[in-house]
Amino acid sequence: MLAFIIRRVLQSVVVLLVVGLVAFSLFRFVGDPVDNLLGQERTIEDIDRVRSELGLDQPFPVQYFRFLQGVTQGNFGVSFRQGRPVADILAERAPATLELAAVSALFAIVLGITLGVYTAIRRDGWLSNFIMTSSLIGVSLPTFLIGILLIYVFAVELGWLPSFGRGETVQIGWWTTGLLTESGLKAIILPAITLGLYQMTLIMRLVRAEMLEVLRSDYVKFARARGLSQRSVYFRHALKNTLVPVITITGLQLGSIIAFAIITETVFQWPGVGLLFINSIQFVDIPVMASYLMLISVMFVVINLIVDLLYFAIDPRLSASRGGGH
Amino acid sequence: MDDVLLSVRDLVVQFPTRGGILTALDGISFDIKRGEVLGVVGESGAGKSMTGAAIIGLIEPPGRIAGGQIHLDGERIDNLSMDDMRAIRGRRIAMVFQDPLTSLNPLFTIAEQLVETIQTHMAVSAREARERSIALLDDVGIPAASRRIDDYPHQFSGGMRQRVVIALALAAEPDLVIADEPTTALDVSVQAQIIDVLKRLCSERGASVMLITHDMGVIAETADRVAVLYAGRLAEIGPVRDVIKDALHPYTHGLMGSIPTLAQEDDRLVQIPGSMPRLTDIPQGCAFNPRCDRVFDRCRIERPEPIPHGTRQVACWLYDEQQIKAAE
Chain A
5 MLAFIIRRVL QSVVVLLVVG LVAFSLFRFV GDPVDNLLGQ ERTIEDIDRV RSELGLDQPF
65 PVQYFRFLQG VTQGNFGVSF RQGRPVADIL AERAPATLEL AAVSALFAIV LGITLGVYTA
125 IRRDGWLSNF IMTSSLIGVS LPTFLIGILL IYVFAVELGW LPSFGRGETV QIGWWTTGLL
185 TESGLKAIIL PAITLGLYQM TLIMRLVRAE MLEVLRSDYV KFARARGLSQ RSVYFRHALK
245 NTLVPVITIT GLQLGSIIAF AIITETVFQW PGVGLLFINS IQFVDIPVMA SYLMLISVMF
305 VVINLIVDLL YFAIDPRLSA SRGGGH
Chain B
9 MDDVLLSVRD LVVQFPTRGG ILTALDGISF DIKRGEVLGV VGESGAGKSM TGAAIIGLIE
69 PPGRIAGGQI HLDGERIDNL SMDDMRAIRG RRIAMVFQDP LTSLNPLFTI AEQLVETIQT
129 HMAVSAREAR ERSIALLDDV GIPAASRRID DYPHQFSGGM RQRVVIALAL AAEPDLVIAD
189 EPTTALDVSV QAQIIDVLKR LCSERGASVM LITHDMGVIA ETADRVAVLY AGRLAEIGPV
249 RDVIKDALHP YTHGLMGSIP TLAQEDDRLV QIPGSMPRLT DIPQGCAFNP RCDRVFDRCR
309 IERPEPIPHG TRQVACWLYD EQQIKAAE
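Chains as they are written, first to last, in our numbering: chain A, 5 to 330; chain B, 9 to 336.
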């Protein structure tokens, strides 16, 4: 078990190095940050001075190495645009994104599993068919369109919910939360649905397919033949087996919820790291972009590690084969 | 006949399909007495497993019981509600499936599965249920039962798992155990042990067994009576000794001829020509008539019903009284 974790952490470090390298080399092509920093009335001398100040005159491998050096010491560099440490800017923005992602994930998982199980048990009911058909909309509509539609219906036409921003926030230590104020809660509903709808329908369809498969299995037949209650057959014997493959996909989806937050945050002007990233691209703020990508990949890696560990918790066959005890 | 535990009368099971209604079981009748072992034999698709599924009320939809009655201890059970039937499953009728590797839920320990089954049917504490479980595992021959009970199914071999399955089936002390090819998926060396365990435990508990198999050897050693199914119909039923020694129905005769024996001098086994008809095109008259070596005109037109013949019943026109008279 411990060996497994160590191996996975080492693998993760390699993954992060590669992500950083790819990110850094892509940023060569987004434009010259000096253009934005100095404005129109710049001289050649100014440009050279700024370049050497920012280390942009160094060759690419040296820049990457310096960035990594900083990162390992917790120093993500200074934003070109804001002139402040990137770490501070990210820390300020991260709570908004994490709260949005957490609420969407909760929405996606709870509703996805519930509806998936329901549509599997009542396979041919009209409500199941209705849910399955409408889930196609969730799978096929692009996120920004869903966001705009929701804004149109609930903010513009009905006026029930705000169309942008985070509402009032409360400061708890360095963390700002919008979940404790009424306006904050209202503000998170539309973006959370927008962000989680695709994942929700995906989880639902996956749970349904797995559940139908499991319900056909011999051990479910045998459980029925022993007279166990419907509830136990469905929610104890079938659901646990259903969740094993569902966990992988769900874990990966959680990662992409954070990553896809960029689009939702843009549509709803949500003050999170996604919006920060979009703004940074416009200003070619390389330290912010690089740090954002590193942050997202760290989250992906951590979530995957947790998913793998969850496997061990839920499926006894894995720990036996790892431990070699037979 | 008050010692009859299970009585099946004119059982018809049908599956509606796109191409029309398939009749999987067509008018099957038999009894199982208390403490008796009834063997059910026939080729794949003859309706052996379907009969078991119908009795325990677990026919896969869209299949359904379209006719006939099933009585358990004089009480009709084929038309019970889901909840009433659930109370009978496991408690009064239990089932052992073919493949022990897939019959046990891989994510629960043996203890969890046994305790849940016992507590579903009996008002006992978790502690008591666990003690009963250990005793059951002991009975079915799991060594070090008190330690192995907390293991997961994958930690047992195939034969051991089938013992666990038998323990699960017997957990709530049922009156009837339907064993659907319980040894087919196992090594030959383990088959006899499993049959022994099943037979011994059921006779100790006075439970009847309906043993579904295509292995006539197992039937010969284990069963008291045997029912031969062909194409969803009952061909012959009677005491094992009589049926094996002197099969009446030409199909049964063919089945017996296909058992290899050491005494046999011929190097080829007797084989019944052709194969069992599909449910979609069962011939008119006797379902066996195209393959029968003693077929005559009546077999192609009229369908034979089981006729009493000594200790047995046989669905064959050869034994129709009129036919016998005409022959004289």
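Built from N, CA and C at the ideal position, the CB exists for glycine as well.
{"Asked": "Compute the beta-carbon to beta-carbon distance between residue 229 (chain A) and residue 66 (chain B), rounded to the nearest angstrom, for a pair I have assumed lies under 8 Å.", "Found": "6 Å"}
{"Asked": "Give me whichever residues DSSP pairs with residue 219 (chain B) in a beta bridge.", "Found": "B:47 and B:187"}
{"Asked": "Rounded to whole angstroms, how far is the Cβ of residue 58 (chain A) from the Cβ of residue 51 (chain A), which I believe are closer than 8 Å?", "Found": "Not a contact, Cβ separation roughly 11 Å."}
{"Asked": "Does the separation of the CB atoms of residue 232 (chain B) and residue 319 (chain B) fall below 9 Å?", "Found": "no"}
{"Asked": "Report the option in A:254, A:269 and A:294 whose CA atom is closest to the CA atom of residue 311 (chain A).", "Found": "A:254"}
{"Asked": "Counting pairs of Cβ atoms below 8 Å between the stretch 223-240 of chain B and the stretch 288-301 of chain B, do you hit three or more?", "Found": "yes"}
{"Asked": "What is the residue span of the alpha helix (DSSP H) that residue 23 (chain B) lies within?", "Found": "No alpha helix (DSSP H) contains residue 23 (chain B), which is instead part of the beta strand (DSSP E) from 12-25."}
{"Asked": "Let me know the secondary structure DSSP gives residue 244 (chain B) once reduced to three states.", "Found": "strand"}
{"Asked": "Output the residue ranges of the beta strand (DSSP E) runs that lie fully inside the stretch 87-157 of chain B and measure 3 residues or longer, sorted by chain position.", "Found": "101-104"}
{"Asked": "Roughly how many angstroms lie between the CA atoms of residue 329 (chain A) and residue 8 (chain A), to the nearest whole one?", "Found": "Residue placement at residue 329 (chain A) is poorly supported in this model, since its pLDDT is 37, which falls under 50; the coordinates still yield a value, given next. For residue 329 (chain A) and residue 8 (chain A), the distance between alpha carbons rounds to 16 Å."}
{"Asked": "Kindly indicate if chain A contains any beta-carbon less than 9 Å away from that of residue 171 (chain B).", "Found": "no"}
{"Asked": "Looking at the secondary structure, which residues open and close the beta strand (DSSP E) in which residue 237 (chain B) lies?", "Found": "233-238"}
{"Asked": "Residue 110 (chain B) and residue 223 (chain A) look like a contact to me (Cβ under 8 Å); what is the Cβ gap, rounded to whole Å?", "Found": "6 Å"}
{"Asked": "Which residues, in order along the stretch 200-226 of chain A, keep a beta-carbon less than 9 Å from a beta-carbon of chain B?", "Found": "220, 221, 222, 223, 224, 225 and 226"}
{"Asked": "Does the pairing of the stretch 37-51 of chain B with the stretch 211-224 of chain B give three or more beta-carbon distances under 8 Å?", "Found": "yes"}
{"Asked": "Should residue 197 (chain B) go down as buried or exposed, given a rule of 16 or more other Cβ atoms within 10 Å for buried?", "Found": "exposed"}
{"Asked": "Determine contact between the stretch 145-152 of chain B and the stretch 166-178 of chain B, defined as no fewer than three beta-carbon pairs at a distance below 8 Å.", "Found": "yes"}
{"Asked": "Taking the straight line between their C-alpha atoms, what separation do you get for residue 325 (chain B) and residue 311 (chain B)?", "Found": "9 Å"}
{"Asked": "Name the DSSP beta bridge partners of residue 319 (chain A), please?", "Found": "DSSP, once it has assigned bridges, lists no residue as partnering residue 319 (chain A)."}
{"Asked": "Any Cβ of chain A within less than 9 Å of the Cβ of residue 124 (chain B)?", "Found": "yes"}
{"Asked": "Can you grab the Cα-Cα spacing for the pair residue 200 (chain B) / residue 138 (chain B), in whole Å?", "Found": "28 Å"}
{"Asked": "For residue 161 (chain A), count neighbouring Cβ atoms within 10 angstroms of its own Cβ and tell me buried if that reaches 16, exposed if not.", "Found": "exposed"}
{"Asked": "By DSSP, does residue 31 (chain B) sit in helix, in strand, or in coil?", "Found": "strand"}
{"Asked": "Following a CB-centred definition, is residue 84 (chain A) positioned closer than 8 Å to any heavy atom of the ligand FAD?", "Found": "The ligand FAD is not among the ligands present in this structure, which contains no ligands whatsoever."}
{"Asked": "Do you know how far the Cα of residue 308 (chain B) is from the Cα of residue 105 (chain B)?", "Found": "37 Å"}
{"Asked": "Whose CA, out of B:146, B:226, B:248 and B:157, lies closest to the CA of residue 190 (chain B)?", "Found": "B:226"}
{"Asked": "In this structure, how does DSSP classify residue 278 (chain B) when only helix, strand and coil are distinguished?", "Found": "coil"}
{"Asked": "Which residue wins for smallest C-alpha separation from residue 87 (chain A), given the options A:54, A:137 and A:204?", "Found": "A:54"}
{"Asked": "What residue does the alpha helix (DSSP H) around residue 130 (chain A) start on, and which one ends it?", "Found": "130-144"}
{"Asked": "Just checking my contact of residue 105 (chain A) with residue 261 (chain A) at CB under 8 Å: how many whole Å lie between their CB atoms?", "Found": "5 Å"}
{"Asked": "Give the straight-line distance between the Cα atoms of residue 89 (chain A) and residue 79 (chain A), rounded to the nearest whole angstrom.", "Found": "8 Å"}
{"Asked": "Taking DSSP as the reference, what is the three-state secondary structure of residue 9 (chain B)?", "Found": "No answer about residue 9 (chain B) holds up, because its pLDDT of 46 lies below 50 and its placement is not dependable."}
{"Asked": "Measuring alpha carbon to alpha carbon, tell me which of B:80, B:64 and B:141 ends up nearest residue 94 (chain B).", "Found": "B:64"}
{"Asked": "Taking all protein chains shown into account, do 16 or more other C-beta atoms lie within 10 angstroms of the C-beta of residue 327 (chain A), making it buried, or fewer, making it exposed?", "Found": "Interpretation of residue 327 (chain A) is limited by its pLDDT of 41, a score under 50 that renders its predicted location unreliable; no figure is taken from the coordinates."}
{"Asked": "Assign residue 323 (chain B) to buried or exposed, taking buried as 16 or more other Cβ atoms, counted over all protein chains shown, within 10 Å of its Cβ.", "Found": "buried"}
{"Asked": "Is the CB of residue 107 (chain B) under 9 Å away from at least one CB in chain A?", "Found": "yes"}
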